[in-house]
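Participant: Take this structure first; my questions come after.
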Amino acid sequence: MRPRNGATDQKDRSFIEAARRDQIVKAAIETLADLGYSKTSFARIAERAGISAGLISYHFDHKAELFQQVVADINALTDAWLTERIGDADSYREALRRLIEGFVLFCDTHRSQVLALGQVLAGAGGQENGELVRSQREQSVGQLEQMLREGQEHGEFRDFSPRFMAATLLGSLEAIPRELYSRPGADVAAYAKELSMTYDLAVRRSRLSRITRV
């Protein structure tokens, strides 16, 4: 058998540690979704993951650090999901429609992640976590604002305040989980289409305005 070298050992350790961190984050997401922010402790997460609480402390110094990783992982998952669905949209109107409908479907098919994210953002306290909430919201509004502004620049959207419309749209998106989860029998596809149509009507440039502009 060929002896292992230091580089191989280090690579294996890095792989094992990364896998363990992923296991802890997934267990934290499930625990947050089931028990809520205040009842989620290292002990409860460890119980769900089948590991010791001390092992969690080895990878994360405190709950705030672990919850920041939870937010980062869920955001990355959401971004990948929406990017795939927006895909090759050939207009800003189509991209906006796919974004809204895709987010509604994401909320329906990734309930643990959505509930966990909501618990962290709603329950976060203190200066460090407060900054996490503010930066999360500002990033979301900024991304929507950029899409709306570019849609205006390309003549697809009417004149309006991109910032105000982005904040309004974000508020509608943030309300989706509560609406869906409080009505288990809701027609998710119909809800998604209704919401996307609402904002399409709100932002699109009318035929009359296009004629007047010309």
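First residue of the sequence shown? That's 422 in this note's numbering, and the numbers climb one at a time after it.
Ideal Cβ placement from N, Cα and C applies to all residues, glycine included.
Who are residue 570's beta bridge partners in DSSP?
Facilitator: Beta bridge pairing from DSSP links residue 570 with no other residue.
Participant: As a quick exercise: from 586, 465, 440, pick the residue whose alpha carbon is nearest that of residue 484.
Facilitator: 465
Participant: By a C-beta neighbour count over all protein chains shown, 10 Å radius and 16 as the cutoff for buried, is residue 595 buried or exposed?
Facilitator: exposed
Participant: Residue 541 and residue 481: beta carbons closer than 7 Å?
Facilitator: The Cβ-Cβ distance between residue 541 and residue 481 does not fall below 7 Å.
Participant: Classify residue 622: buried if its beta carbon has 16 or more other beta carbons within 10 angstroms, exposed otherwise.
Facilitator: exposed
Participant: Please list the terminal residues of the continuous alpha helix (DSSP H) segment that includes residue 621.
Facilitator: 609 to 624
Participant: Taking 7 Å as the CB-CB cut-off, is residue 620 touching chain C?
Facilitator: Among the chains in the structure shown there is no chain C, since it carries only a single protein chain.
Participant: How would you call residue 618, buried or exposed, if buried means at least 16 neighbouring beta carbons within 10 angstroms?
Facilitator: Only exposed fits residue 618, as fewer than 16 other CB atoms lie within 10 angstroms of its CB.
Participant: Pull up the distance between the alpha-carbon of residue 626 and that of residue 513, whole angstroms please.
Facilitator: 12 Å
Participant: Measuring CA to CA, which of 468, 453, 616, 474 is closest to residue 495?
Facilitator: 453
Participant: Should the region 463 to 479 be called in touch with the region 568 to 584, which here means at least 3 C-beta pairs below 8 Å?
Facilitator: no
Participant: Just to confirm my understanding: we take residue 565, look at its own chain, exclude 5 residues before and 5 after, and list those with CB closer than 7 Å. What are they?
Facilitator: 587, 590, 591
Participant: Can you tell which of 608, 515, 582 has the C-alpha that lies nearest to the C-alpha of residue 526?
Facilitator: 608
Participant: What is the DSSP secondary structure of residue 581, reduced to helix, strand or coil?
Facilitator: coil
Participant: For residue 614, collect the residues of the same chain with a Cβ closer than 8 Å to its Cβ; drop the 5 residues on either side in sequence, then sort them by chain order.
Facilitator: 522
Participant: May I ask which residues mark the beginning and end of the alpha helix (DSSP H) holding residue 484?
Facilitator: 484 to 507
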